[in-house]
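Enquirer:
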Amino acid sequence: MPAKLILGTEIREQILEEITAEVAQIKEKHGVVPGLVTILVGENPASVSYVTLKIKTAHRVGFKEIQDSQPVDLSEQDLLALIDKYNKDDSIHGILVQLPLPKHIDEKKVLNAIDPDKDVDGFHPVNVGRLMIGGDEVKFPPCTPAGIQEMIVRAGVETSGAEVVVVGRSNIVGKPIANMMLQKGPGANSTVTVVHTRTKNMDEHCKRADILIVAAGVPGLVKPEWIKPGACVIDVGVNRVGEKISEKTGKKVAILKGDVDFDAAKEIAGWITPVPGGVGPMTITMLMKNTLKSLKFKLGLE
Ligand code: GUN
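For the sequence shown, the positions run 794 to 1095 when our numbering is used.
This is the structure we're talking about:
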């Protein structure tokens, strides 16, 4: 039997409706809405489209939203001053600096300058530390891993005692999702293995996985024979493998391919996420959730 599809596009709608309702309630009771600023330096086309979607989504759920677009030659000092301004702005609860930054700017310095209590990306070392400790310590789980966990839970996949294999060890996906799945608590309690470019017999590890999370950035890396029958396969890969003309708009769009050979894998897995339409939509959704959470922390509601 082919795998059940876990659709980020559908789960996104449920969560955004939940957030919209909560924002309206808070506005009525406390007279305040979550404020999100996205800072974009330069005009990298992929970054422009991500930021535009973030702002559009923030508007849809009723947030105050600011898109602060800066020229590509903005100095590091000026960017740090901008962050400082938003750190001090009481109407802003979430600050996001779109990555990657131009080469003349030190990314680490910039991420460290964001107030950890407004770091809705969850990239500040304080929030990375809180995530590692787990439980009540966690304020802002990073958005893509939080989206992955939400999808697994909402699909009804058992995580407790499950063998989770994570392919890839990035700071944005691999390391944090591995950490989250091994924590004590609902949607976790798993036994976790992380495999990466230096791992021997990657396929043997993957074959053991009840839940296989692939974030390697290599199109079609995971072959159908690496998948345990009935496993839950989460494909985080978004690889641009070419361009085509969109039937809907007549414009050029990227052809996207995941890290998993989807057509063959769906005949073996129990659950699987497609690319596009799987994990992708969840990242922005969880950014909205973190921004709402930030306001709730401030109001003492969380
Ligand atoms: N660039 C690609 N993904 C992300 C993300 O999740 N957050 C930020 N700030 N930049 C990104």
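Note that CB positions come from ideal geometry on N, CA and C, so glycine has one too.
Please classify S983 as buried or exposed, where buried requires at least 16 other C-beta atoms within 10 Å of its C-beta.
Expert: Taking the first residue of the sequence shown as position 1, residue 983 is located at position 190. Under this definition S983 is a buried residue.
Enquirer: I need the boundaries of the beta strand (DSSP E) containing G887, first residue and last residue.
Expert: Working through the sequence shown from its first residue, we reach residue 887 at position 94. G887 -> beta strand (DSSP E) spans 887-890.
Enquirer: Taking the alpha-carbon positions, what's the T813 to R853 distance?
Expert: Reading the sequence shown from its first residue, position 20 is the one you call residue 813. Reading the sequence shown from its first residue, position 60 is the one you call residue 853. Each residue's Cα considered, the two are about 8 Å apart.
Enquirer: Identify the continuous alpha helix (DSSP H) that holds S840 and give its terminal residues.
Expert: Against the sequence shown, residue 840 aligns to sequence position 47. Run containing S840: 838-853, per the alpha helix (DSSP H) assignment.
Enquirer: At the level of alpha carbons, what is the spacing between V988 and V1053?
Expert: As a working mapping, residue 988 is identified with position 195 in the sequence shown. As a working mapping, residue 1053 is identified with position 260 in the sequence shown. So the two alpha carbons sit approximately 15 Å from each other.
Enquirer: Is any heavy atom in ligand 1 found nearer than 7 Å to the beta carbon of D908?
Expert: Sequence index remark: in the sequence shown, residue 908 carries index 115 (1-based). No - ligand 1 has no heavy atom lying nearer than 7 Å to the Cβ of D908.
Enquirer: Let's test the definition: count the other Cβ atoms within 10 Å of the Cβ of K822 and tell me whether it reaches 16, buried, or not, exposed.
Expert: For the purposes of this step, residue 822 is taken as residue 29 along the sequence shown, with counting starting at 1. Exposed.
Enquirer: Look up L1094 in the DSSP assignment and say whether it is helix, strand or coil.
Expert: As a position in the sequence shown, residue 1094 is number 301, starting the count at 1. Three-state DSSP puts L1094 in coil, outside helix and strand.
Enquirer: How about the stretch 869-877 and the stretch 1036-1056: do they share at least three Cβ pairs that are nearer than 8 Å?
Expert: No contact exists between the stretch 869-877 and the stretch 1036-1056.
Enquirer: Taking the alpha carbon of G1035 as the point to measure from, which residue in K1050, Q860, L829, V1029 has its own alpha carbon closest?
Expert: The residue labelled residue 1035 in the question sits at position 242 within the sequence shown. Looking at the Cα atoms, K1050 is the closest of the given residues.
Enquirer: Contact defined as beta carbons within less than 8 Å: I believe V826 pairs with F856. What is the distance between those atoms, to the nearest angstrom?
Expert: Position 33 of the sequence shown, counting from 1, holds the residue named residue 826. Position 63 of the sequence shown, counting from 1, holds the residue named residue 856. Rounded, the Cβ-Cβ distance is 6 Å, consistent with contact.
Enquirer: Report the option in S963, D861, F933, V966 whose CA atom is closest to the CA atom of K1089.
Expert: For the purposes of this step, residue 1089 is taken as the residue at position 296 of the sequence shown. The residue with the shortest Cα to Cα distance from K1089 is F933.
Enquirer: Of all the options T986, V950, N972, which has the alpha carbon lying nearest to the alpha carbon of M798?
Expert: Within the sequence shown, numbered from 1, the residue matching residue 798 stands at position 5. At residue 798 the sequence reads Leu, which differs from the Met that was named. Out of T986, V950, N972, V950 has the C-alpha closest to the C-alpha of L798.
Enquirer: Looking at the structure shown, is R1033 part of a helix, part of a strand, or coil, going by DSSP?
Expert: If you number the sequence shown from 1, residue 1033 lands on position 240. R1033 falls in the strand class under three-state DSSP.
Enquirer: Do you know whose CA, among Q891, A906, T1066, lies nearest I804's CA?
Expert: Residue 804 sits at position 11 when you count from the first residue of the sequence shown. The candidate whose alpha carbon is nearest that of I804 is T1066.
Enquirer: Using C-beta distances below 7 Å, list every residue in its chain close to P935, excluding the 5 sequence neighbours before and after it, in chain order.
Expert: Stepping through the sequence shown from its first residue, residue 935 is reached at position 142. Within the same chain, P935 has close Cβ partners D914, G915, F916, I965, P969.
Enquirer: Would you grab the beta carbon distance between T850 and M1081 for me? Rounded to a whole angstrom, and I think it's under 8 Å.
Expert: The residue labelled residue 850 in the question sits at position 57 within the sequence shown. The residue labelled residue 1081 in the question sits at position 288 within the sequence shown. Contact flag correct, Cβ pair sits at about 6 Å.
Enquirer: Just confirm the distance between the C-beta atoms of V1029 and T937, as a whole number of angstroms; I'd bet it's less than 8 Å.
Expert: Here residue 1029 refers to the residue found at position 236 of the sequence shown. Here residue 937 refers to the residue found at position 144 of the sequence shown. Between T937 and V1029 the Cβ distance is about 7 Å, and since that is below 8 Å, they are a contact.
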